[in-house]
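Each number in the working numbering comes from the position in the sequence shown (counting from 1) with 3 added on. We put the beta carbon where it would ideally sit given N, CA and C, even for glycine. What follows is a set of notes on a single structure, which appears directly below.
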Amino acid sequence: MGEETRRPEWGNVSQIVSALCALALAILAIYGFLFSKTSQAFVGYLQSELALRNIRIVSLEQTEKDLQRSIAESQVSLGSLTEQKARLERQIADLEVAQQGYAKQVQELGTQLVGTTFSLVREKILVSKATLLSELDVLGLKIQGDWYDKGVPAQTVRPWQCPTSRRCRASWRTLAKRIGQWAKRSWISSFQQCSNLGSVVI
Numbered sequence: 004m005g006e007e008t009r010r011p012e013w014g015n016v017s018q019i020v021s022a023l024c025a026l027a028l029a030i031l032a033i034y035g036f037l038f039s040k041t042s043q044a045f046v047g048y049l050q051s052e053l054a055l056r057n058i059r060i061v062s063l064e065q066t067e068k069d070l071q072r073s074i075a076e077s078q079v080s081l082g083s084l085t086e087q088k089a090r091l092e093r094q095i096a097d098l099e100v101a102q103q104g105y106a107k108q109v110q111e112l113g114t115q116l117v118g119t120t121f122s123l124v125r126e127k128i129l130v131s132k133a134t135l136l137s138e139l140d141v142l143g144l145k146i147q148g149d150w151y152d153k154g155v156p157a158q159t160v161r162p163w164q165c166p167t168s169r170r171c172r173a174s175w176r177t178l179a180k181r182i183g184q185w186a187k188r189s190w191i192s193s194f195q196q197c198s199n200l201g202s203v204v205i
């Protein structure tokens, strides 16, 4: 059998031509889009938007770093404040202990002051009494000496029986009154000092 010569079908040719035309139109459209002014402006806009977004991303990253650094510094400050608070609480506790000790010392000093005042008043009363008795003894000896000079025999002489007994009793009353007034003033002064010491705030 001989080879048959195939003739091209016109339907297939038209399809091929249509495809080639569509491809050419697509190429022309892409070329026009890429190299036209509108496409260039659109590409520039996209590039500017991309640059702005990059700048915003960098700014956000820097803000994040700043916030992390601020958080770290705040944590350090918080730790320092906590230590300072603990130190102040210890100082307050020490001051309270010292205040209690000072209050106890003030109380002891007040007690000692009262005892010292009592002792001082008693000693002064004893000294005044001894002085008065010695004066009475001297008066009795003087009276006896006067009587001996006049040849009066020795006898027991009582001070309250002598002519100057009234003056002696008056002197004794005056001395006792002065001692009482002085003791009263001493008592009042000592109690005022004790109350002043008791009201002292350490």
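9 Å Cβ cutoff met for residue i and residue j
i      : j      : result
Ser189 : Val124 : yes
Leu91  : Ser131 : no
Lys127 : Ile182 : yes
Contact set for residue i: own chain, Cβ-Cβ below 6 Å, skip 5 residues either direction
i    : result
Met4 : At Met4 the pLDDT is 41, less than 50, meaning the model places this residue with poor confidence and gives no usable figure here.
Cut-off 8 Å between Cβ atoms - residues of its own chain near residue i, not counting five sequence neighbours on either side
i     : result
Leu23 : none
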